[in-house]
Amino acid sequence: MLVTGCSSDDSPRADDGRPVREEASASAPKAYDPLLRFGEGGVRLAVEDDDRTEVALRGTTAYVLTETGLAAYDIRGGGRQWTSRDHGMSTGVEERARVWETTAPTATKQGGRTLVLFALQKYQQGEGTAKDVSTSHLRAVDAADGKEVWTATLPTPKGMGVGDDSSPTVVGVEGDTAVVTLRTAPEDGTDGVRSAVTCGVNLTTRHVDWQADGFGARMLSGGVVVGAQLPEGAEIDSERWFADEGGIGLAGRSVKDGAVSWKDPRDLFGLKIEAVGAGLFSARVNVEFKEHRPAHELLDSAAGRRPAGMTADSAAAFSFAGRSCAYDERSVIVCGVDGELAALDARTHAQGAVDARRGRSGARGAQPLHGLARSRLRRRTRPRWRPPRRDNRKGPRDL
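Just so we're aligned, residue 13 is where the sequence shown starts under the numbering used here, counting upward by one.
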């Protein structure tokens, strides 16, 4: 079931899209609203029950991406407005769900109209002695009717190809650049080994402006693309990138040209990156062999460091294993698990806590939280687990 909610966004923002602090002009709002309970009777969208979905809301339309296509639904009545689908097309939804890296279709205005962007992989079976061919693409469709506007082909590094788990993903859009990442596999069929490539696609020229080989992007914020720089021999399990010999790097690259903006100096054996909101992200890192207990860190995408004003203890409430986070796109980030919620002021990084089962709140930071009044936050759950599919190589794909 898809549940929707709306809120206005009239807070000022900087040029890079981040919220900026406003000087108080009235009495401070309450830091906590009573629990809001949703009843039954919501509108059900006509999506296949077995389909995993990634959803973006824009006005009264929900753009729903499934493994085989993109569709638009009217959230007032639930009816489908249009569908974009090709024979042999895969969008990577299933694979992203397997590794808990779900995203959403991206809507952007270009040339006076709204486009919906999504990445896809196309498979074409070879005839006779010809080899099967898989290619990855970035597609733009008109948000009004779903008609294809253009499709750009994404490159792969020499010696690498696109496997059935490439999971092409639109990481984000800033200005006229869309950042797209996909997983790659050696063309010689080396079992288990994976890498990635990330591209900056110019939405005006529809060409790839830059390409970062071995870089798996996970988020884009404030002009910085955050991701994992992978060594040869890297692999991906059910959750994270890992390398038996180490060599994984955490890095930020410029959205303009792909140049490295910052790089964590550590040599990592395992890494998983999850966007938290407002330019912050959680990194699960293995600084020793991957079998050792990992550390969880809350970092700022601008420089790859702990957010200003936060300590290791205060940041821990937003980067622990199993937590889920929601950002209201204004000023508040809420993370939680098992009924315990932690709230973070995205502008000041002041922290508060809420027990969702009892409806109590208490400030932990020196400053009160702002912007919680009338915010609509929903708790997200991880997708249902399904056994991994097998590809045509020896052994299971998920090690």
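Heads up, the beta-carbon is just placed ideally off N, CA and C, and yes, glycines get one too.
Source: prediction; values computed, not measured.
Of the candidates E300, S146, L292, L292 places its Cα closest to the Cα of E309. Note on G140: under 16 other CB atoms within 10 angstroms of its CB, so exposed under the neighbour-count rule. G204 and G123 have their C-alpha atoms spaced approximately 43 Å apart.
Rounded to the nearest whole angstrom, the CA to CA distance from G364 to V344 is 10 Å.
Per DSSP, the beta-bridge partners of R125 are Q122. T65 is classed as buried because its beta carbon has at least 16 other beta carbons within 10 Å across all chains shown.
With contacts defined by Cβ atoms closer than 9 Å, L127 and V161 form a contacting pair.
Within the stretch 99 to 158, the complete beta strand (DSSP E) segments at least 3 residues long are 118 to 122, 125 to 136, 145 to 154, listed from N- to C-terminus. S313 places its beta carbon 9 Å or farther from that of V192.
Excluding sequence positions up to five before and after S266, its CB lies within less than 6 Å of the CB of S273, all in the same chain and listed in chain order.
With contacts defined as CB atoms closer than 9 Å, A295 and G264 fail to qualify as a contacting pair. The continuous alpha helix (DSSP H) containing A328 extends over residues 324 to 328. When the Cα atoms are used, R318 and V349 turn out to be separated by approximately 22 Å. Taking the Cα of D249 as reference, the smallest distance to any Cα among L57, A83, R110 is reached at R110.
Pairing C211 with L262 gives a Cβ-Cβ distance that is not under 9 Å.
The secondary-structure analysis by DSSP pairs E341 with nothing; it has no beta-bridge partner.
Relative to the Cα of A208, the nearest Cα in the group H219, Q223, N214 belongs to Q223.
Closest in alpha carbon position to D340, among S331, F332, A355, is A355. Assignment of beta-bridge partners to E244 by DSSP yields no partner.
In the structure shown, I87 falls within a coil segment according to DSSP collapsed to helix, strand and coil. Excluding residues up to 5 positions away in sequence, L77, L82, T103, P117, R151, V182 lie with their Cβ nearer than 7 Å to the Cβ of F130 in the same chain.
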